[in-house]
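Undergrad: Got a structure here, written out as structure tokens. Questions coming.
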Amino acid sequence: MLSAMLFCIIGVYWLLRSLKDTVLATTVGIEYQPRAKMVSLCVVFVLLFVYNRLIDTVEKHVLFYILSITYGGLFLAIGILLHMPVIGLSNDQADPTRLIGWVSYCAIESFGSIFVSLFWSFVNSSVSLEHAKASYGLIIAGAQIGAILGPTLVVMSNYLGVANLYVFGGLIVGLVWLLMKRYVSLYGVGRGVNSGGAKPDKGATGLVEGLYLLFKHPYVLGIFMITCLFEVVVTVLDFEMKVIAKKQPQYSSAEDFARFMGFFGQATNSVSLVFSLVGTSMVIRRLGLSSTLMLFPTMLMAVLSYVMVYPSLDVFFFALVTVKGLSYALNKPSVEMLYFATSDTIKFKSKSWSDVFGARCAKAFGSVITDSLRYSMDALLLQGNRWSIAVNGVLLLVAFMMGRKFNELQAQGEIVGESSLPRDDKGAAELKALNSGDNSGEESEADQGAS
Numbered sequence: 007m008l009s010a011m012l013f014c015i016i017g018v019y020w021l022l023r024s025l026k027d028t029v030l031a032t033t034v035g036i037e038y039q040p041r042a043k044m045v046s047l048c049v050v051f052v053l054l055f056v057y058n059r060l061i062d063t064v065e066k067h068v069l070f071y072i073l074s075i076t077y078g079g080l081f082l083a084i085g086i087l088l089h090m091p092v093i094g095l096s097n098d099q100a101d102p103t104r105l106i107g108w109v110s111y112c113a114i115e116s117f118g119s120i121f122v123s124l125f126w127s128f129v130n131s132s133v134s135l136e137h138a139k140a141s142y143g144l145i146i147a148g149a150q151i152g153a154i155l156g157p158t159l160v161v162m163s164n165y166l167g168v169a170n171l172y173v174f175g176g177l178i179v180g181l182v183w184l185l186m187k188r189y190v191s192l193y194g195v196g197r198g199v200n201s202g203g204a205k206p207d208k209g210a211t212g213l214v215e216g217l218y219l220l221f222k223h224p225y226v227l228g229i230f231m232i233t234c235l236f237e238v239v240v241t242v243l244d245f246e247m248k249v250i251a252k253k254q255p256q257y258s259s260a261e262d263f264a265r266f267m268g269f270f271g272q273a274t275n276s277v278s279l280v281f282s283l284v285g286t287s288m289v290i291r292r293l294g295l296s297s298t299l300m301l302f303p304t305m306l307m308a309v310l311s312y313v314m315v316y317p318s319l320d321v322f323f324f325a326l327v328t329v330k331g332l333s334y335a336l337n338k339p340s341v342e343m344l345y346f347a348t349s350d351t352i353k354f355k356s357k358s359w360s361d362v363f364g365a366r367c368a369k370a371f372g373s374v375i376t377d378s379l380r381y382s383m384d385a386l387l388l389q390g391n392r393w394s395i396a397v398n399g400v401l402l403l404v405a406f407m408m409g410r411k412f413n414e415l416q417a418q419g420e421i422v423g424e425s426s427l428p429r430d431d432k433g434a435a436e437l438k439a440l441n442s443g444d445n446s447g448e449e450s451e452a453d454q455g456a457s
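Each residue of the sequence shown is one higher than the one before, starting from 7 at the first, in this note's numbering.
Next up, the structure:
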């Protein structure tokens, strides 16, 4: 059931993610993409306060219902508006005053951040490590299939229609509501936040509690930095590729550019699926979590160096497919594993700040770089890649430090964010099960890595 939910969430996200730049380029202009990312940061900042307020006031499965109805209705409305001759895609005169492009972009950006973060917070807090070992692979398999099928529909946008795909995405988001109701009726709502007997960390409550815990605990701040620094680099590379692609005559129309982005999504998620099935568990088992955390930024540094030497569309395409594919199959599972050493409050509230607001801040910072260089292609490619290499160097250092800290927490059985830890605390027992010297721990890392 969880796999089916993530299949719908990720499938819709990649369907609409592959379309958001098409709609923005047609209605507003692709050169305004960096500013759209900055606007989405402000939107997500406001929504994050609402989201944290809802976490305090409603049950987590009810939050799924609220988000499903809200985003499902919003995407349906956008799809209907895109059919209209003046507001929609029939009018191909780009103008920054056309609100439909901005609304579409911000809606998709916030959906991917908030909904995915809620799902993983719910799963990480609701299931035990033993259940996670048995089910995470299946859950991620559903996500990867959805991530491939979504862009596949976009590749056929010449026949299906961009506006129709928005309507279809809205209907599928509504399906998550039904799946969650079925899950709750069969399995209940799980362990819940702050269960397990230990007292949660005190010091701040309400809307800013997650932010307070993020800055109070260096370990949580380290996770935040790993999550964010990577996004800066990808934002710069992503914009460079799209600007080059949009200048190609074969991708000048909305449908053709959507087809290019759909093919990009297919390739990215196919790489991720194949590697997650045959490589993720092997890499984490052989190298351990600390070395795996450093492996991704090391590979990213090699890719950035190659792009600087050969800055063509084909090179950017294959570079981004490799980077994004391995980030989903290798970097993302490794970062998720770091949360096993944290309290449930951190998993829900601080994680939302990292995954939602932090990622948006990183993209906004990357957009500041690209927006300042967008008037000169030569400057964009040279200075943009220099910035990316510098940021990635910091990421490599943080990954090294976080790997060492995680190993220390393993050895001590400590849960970050809990002021007291009874000997029989379940979280501590699960953390100790991750010890690399324990055979069951190695299996745990492998299974978590396959996610």
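The beta-carbon is built from N, C-alpha and C at its ideal position, and this holds for glycine as well.
Fair warning: this is a prediction, and the values are worked out from it, not measured in the lab.
Does the stretch 357-366 touch the stretch 14-34, meaning 3 or more C-beta pairs lie closer than 8 Å?
TA: No, the stretch 14-34 is not in contact with the stretch 357-366.
Undergrad: With a threshold of 16 other CB atoms inside 10 Å of the CB of K253, please say whether the residue is buried or exposed.
TA: The count along the sequence shown starts at 1 and reaches residue 253 at position 247. Counting Cβ neighbours within 10 Å, K253 comes out exposed, since fewer than 16 surround it.
Undergrad: Could you tell me which of V404, I16, G152, S276 sits nearest to T304, measuring between CA atoms?
TA: Within the sequence shown, the letter at position 298 stands for residue 304. Looking at the Cα atoms, V404 is the closest of the given residues.
Undergrad: Pull up the distance between the alpha-carbon of K355 and that of I84, whole angstroms please.
TA: The sequence position of residue 355 within the sequence shown is 349, counting from 1. The sequence position of residue 84 within the sequence shown is 78, counting from 1. K355 and I84: Cα-Cα distance of roughly 30 Å.
Undergrad: Have a look at L124 and F117 and give me their C-alpha separation to the nearest angstrom.
TA: As a position in the sequence shown, residue 124 is number 118, starting the count at 1. As a position in the sequence shown, residue 117 is number 111, starting the count at 1. Approximately 10 Å, taken between the alpha carbons.
Undergrad: From the DSSP output, in three-state form, read off V64 for me.
TA: Here residue 64 corresponds to residue number 58 of the sequence shown, with the count starting at 1. Correct three-state label for V64: coil.
Undergrad: Which residues mark the beginning and the end of the alpha helix (DSSP H) in which T274 is found?
TA: Working through the sequence shown from its first residue, we reach residue 274 at position 268. Taken as a continuous stretch (DSSP letters only), the alpha helix (DSSP H) holding T274 covers 260-284.
Undergrad: When you compare only the Cα positions, how much space is there between T286 and L336?
TA: The residue given as residue 286 occupies position 280 in the sequence shown. The residue given as residue 336 occupies position 330 in the sequence shown. If I take the Cα positions, the gap works out to 6 Å.
Undergrad: Have a look at V190 and L181 and give me their C-alpha separation to the nearest angstrom.
TA: Here residue 190 refers to the residue found at position 184 when the sequence shown is read from its first residue. Here residue 181 refers to the residue found at position 175 when the sequence shown is read from its first residue. Going from the Cα of V190 to the Cα of L181 covers about 15 Å.
Undergrad: By how many angstroms is the C-alpha of S127 removed from the C-alpha of L69?
TA: By one-based count along the sequence shown, residue 69 stands at place 63. By one-based count along the sequence shown, residue 127 stands at place 121. Computed Cα separation, rounded: 12 Å.
Undergrad: May I have the straight-line CA-CA distance separating G216 from G107, to the nearest angstrom?
TA: Within the sequence shown, the letter at position 210 stands for residue 216. Within the sequence shown, the letter at position 101 stands for residue 107. Roughly 32 Å separates the two Cα atoms.
Undergrad: Keeping to the same chain, check which residues put their C-beta closer than 7 Å to that of L387; ignore five residues upstream and five downstream.
TA: Numbered from its first residue, the sequence shown carries residue 387 at position 381. Closer than 7 Å at the Cβ level, and outside the excluded window around L387, lie E246, P317.
Undergrad: Roughly how many angstroms separate the alpha carbons of A9 and M162, rounded to a whole number?
TA: For this step, residue 9 is matched to residue 3 along the sequence shown. For this step, residue 162 is matched to residue 156 along the sequence shown. A small fix is needed here, since residue 9 is Ser in this sequence, not Ala. If you take the alpha carbons of S9 and M162, they lie about 25 Å apart.
Undergrad: Whole-angstrom Cβ separation of Y257 and F266, contact assumed at under 8 Å?
TA: Counted from its first residue, the sequence shown places residue 257 at position 251. Counted from its first residue, the sequence shown places residue 266 at position 260. Confirmed, Cβ separation roughly 5 Å.
Undergrad: Can you look up V34 in the DSSP assignment and give me helix, strand or coil?
TA: Residue 34 sits at position 28 when you count from the first residue of the sequence shown. Three-state result, V34: coil.
Undergrad: Evaluate the contact criterion for the stretch 84-96 versus the stretch 169-188: three or more CB pairs, one atom per stretch, below 8 Å.
TA: The stretch 84-96 is in contact with the stretch 169-188.
Undergrad: What is the DSSP secondary structure of E420, reduced to helix, strand or coil?
TA: Within the sequence shown, residue 420 is the residue found at index 414, counting from 1. Coil at E420, not helix or strand.
Undergrad: Rounded to the nearest angstrom, how far is the Cβ of L344 from that of F412, given a contact under 8 Å?
TA: Residue 344 sits at position 338 when you count from the first residue of the sequence shown. Residue 412 sits at position 406 when you count from the first residue of the sequence shown. Confirmed, about 6 Å.
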